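Engineer:
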Amino acid sequence: MSVTVFASARSWIESAAVDQCHQVAALDGMVHVAGMPDLHPGKGAPIGAAMASTVLYPFLVGSDIGCGIAVFPVGLKRAVPERLARKFPNLDDELTDDDPAWDALTTDIPGGHLDGLGTVGRGNHFVELARIGTVFEPDHAARLDLDKGSLVLIVHSGSRGLGERILRAHTEAHGAGPASDPESYLTQHDIAVRWGSLNRRLIAARVLRALGARMTEPIVDLSHNLVEVRDGGYLHRKGAAPGDGRDVLIAGTRGTHSYLVAAHAGPEANRSVAHGAGRKMSRADALRHGKAKHTVEGLRRTALGSIVVCGDRQLLFEEAPTAYKRIEQVVADLTDHGLATPVATTVPLVTYKTAERGRS
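Under the working numbering, the sequence shown has 661 at position 17, and the numbering climbs by one with no breaks.
#1: At the level of alpha carbons, what is the spacing between alanine 884 and valine 675?
#2: Is arginine 844 buried or exposed, if buried means 16 or more other CB atoms sit within 10 Å of its CB?
#3: Taking 8 Å as the cut-off, decide whether the C-beta atoms of leucine 720 and leucine 795 are in contact.
#4: Using the Cβ count rule (16 or more neighbours within 10 Å means buried), how would you classify arginine 881?
#5: Whole angstroms is fine: what's the gap from cysteine 665's alpha carbon to alanine 723's?
#6: Just grab the DSSP bridge partners of proline 992 for me.
#7: Enumerate in chain order the residues of its own chain whose CB-to-CB distance from threonine 900 is below 7 Å, with the five nearest sequence positions on each side excluded.
#8: Where do the N-terminal and C-terminal ends of the beta strand (DSSP E) with valine 837 fall, by residue?
#9: Please specify which runs of the beta strand (DSSP E), each continuous and at least 3 residues long, are wholly inside the region 693-777, giving them in chain order.
#10: How many angstroms separate the CA atom of leucine 879 from the CA atom of valine 873?
#11: Under 8 Å by Cβ, that's how I've got methionine 859 and alanine 748 pegged, so tell me the actual separation to the nearest angstrom.
#12: Between which two residues does the alpha helix (DSSP H) harbouring lysine 882 extend?
#13: What three-state label does DSSP hand leucine 948 in the structure shown?
#14: Assign glycine 920 to one of three DSSP states: helix, strand, or coil.
#15: Identify which residue in Ser824, Ser707 and Phe650 has its Cα closest to the Cα of arginine 812.
#16: Per the DSSP calculation, histidine 676 is bridged to which residue(s)?
#17: In or out: alanine 786 buried (at least 16 other Cβ within 10 Å) or exposed?
#18: From which residue to which residue does the beta strand (DSSP E) around serine 867 run?
#19: Quick one: using the 10 Å Cβ neighbour count with 16 as the cut-off for buried, is glutamate 827 buried or exposed?
#20: What separation, rounded to the nearest whole angstrom, lies between the Cα atoms of tyrosine 829 and glycine 777?
#21: Is it true that the region 980-1000 meets the region 933-945, where meeting means three or more beta-carbon pairs spaced less than 8 Å apart?
#22: Is any non-hydrogen atom of the ligand GTP found closer than 7 Å to the C-beta of histidine 757, if you look at the structure I gave you?
#23: Can you find the residues in the same chain that come closer than 7 Å, C-beta to C-beta, to alanine 836, ignoring five residues on each side of it along the sequence?
#24: Three-state secondary structure (DSSP) at histidine 901?
#25: Whole angstroms are fine: how far does the CA of phenylalanine 770 sit from the CA of serine 1004?
#26: On the DSSP bridge list, what partners appear for serine 801?
#27: Going by beta-carbon coordinates alone, are asparagine 914 and alanine 696 separated by less than 8 Å?
#28: Is there contact here, the region 684-699 with the region 921-928, by at least three beta-carbon pairs under 8 Å?
#29: Looking at the structure shown, is proline 886 part of a helix, part of a strand, or coil, going by DSSP?
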């Protein structure tokens, strides 16, 4: 059992998160734990880690199975944040039967599960209209049909209540122990992963239609909470994106850039890269510190000039940019360790968290 954390001395890595990596490494059948530079403590298992084992542990994936990030090109000519923020639909409400977003449905609904479909959820989930900022690799960006100033829609959401239901059924019977029937768990897991991808697609369809843009195919759509059967074992990812030759959107915060990278992580990193900036404060600490440092108005209009749509004041403070690590350092660590190459930054224009109160 081995542990490697891909972070520099300049990175903010809590000792509790590293301790969790070693606790996981001591589990029966564990082969290798790779901690990403966005590593932080989670409930029972570290977030920002890829964990290879000969035994399948559902708790290492967590309850939001299939949570991930998709990026959709947006064909709008002008993007005025104030005007577009008012056009965002209420993504707390489920799709109605006659919603045109259903036209984006190209497959059966995985598991026939309708609850929460088309909604973004709370926590760190978000939908963001952004523009391409700095382009580091013009040829790679061109292959994605992107250049400086291009608009994209970033959707970060997962399987909503479906994943939670799957994990709860396991933990009620086995606690944090391994799956007694891995094939049965994987069948349900795969449904949740497909459901999460479909949910991101339907969310994008709702938003793009409301903004007056046509639906497009995603240029990135990767889950960072899942287990992969690989090399005769199980590769668990909890807050870690697949990094074996994929394009990955590594999310910053509401008030900072995000990074589109070309990932090329090898076996020492369990073929994974970071999924975001990673928290450096718990929600309780962020709420306490945030109320002393920030105003609601200041959090709804960022230093970059972008607008945050969030009707939940507590969530605004919990998700303040200061609650997260520096995304620049996370990406620098990935680059320095040879795990990824930055392609371009995205600059937020409108970030949707939850609807303003009173909106229909």
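Note that beta-carbon positions come from the ideal geometry of N, C-alpha and C, so glycine has one too. The structure presented is a predicted model; accordingly, all values stated were derived computationally and were not measured.
Structural biologist: Put simply:
#1: 17 Å
#2: With 16 or more other Cβ atoms within 10 Å, it is buried.
#3: yes
#4: The residue is buried, with at least 16 neighbouring Cβ atoms inside 10 Å.
#5: Straight-line Cα distance between these residues: approximately 43 Å.
#6: Ala774
#7: Pro965 and Ile971
#8: First-last for valine 837: 826-855, but that is the alpha helix (DSSP H), not the beta strand (DSSP E).
#9: 712-718
#10: 6 Å
#11: Contact flag correct, Cβ pair sits at about 5 Å.
#12: Looking at the DSSP string, lysine 882 is not in any alpha helix (DSSP H); the run it does join, the beta strand (DSSP E), is 877-882.
#13: coil
#14: Here glycine 920 sits in strand by DSSP.
#15: Ser707
#16: As a beta-bridge residue in DSSP terms, histidine 676 pairs with Ser646 and Ala696.
#17: Note on alanine 786: under 16 other CB atoms within 10 angstroms of its CB, so exposed under the neighbour-count rule.
#18: 864-867
#19: Exposed is the call here.
#20: C-alpha separation (whole angstroms): 41 Å.
#21: no
#22: You won't find the ligand GTP in this model; it holds no ligand whatsoever.
#23: Ile709, Gly710, Ser803, Leu806, Gly807 and Ile810
#24: coil
#25: Its pLDDT being 43, under 50, serine 1004 is placed unreliably by the model, and nothing is read from it.
#26: Gly712
#27: yes
#28: yes
#29: Assigned with DSSP and collapsed to three states, proline 886 falls in strand.
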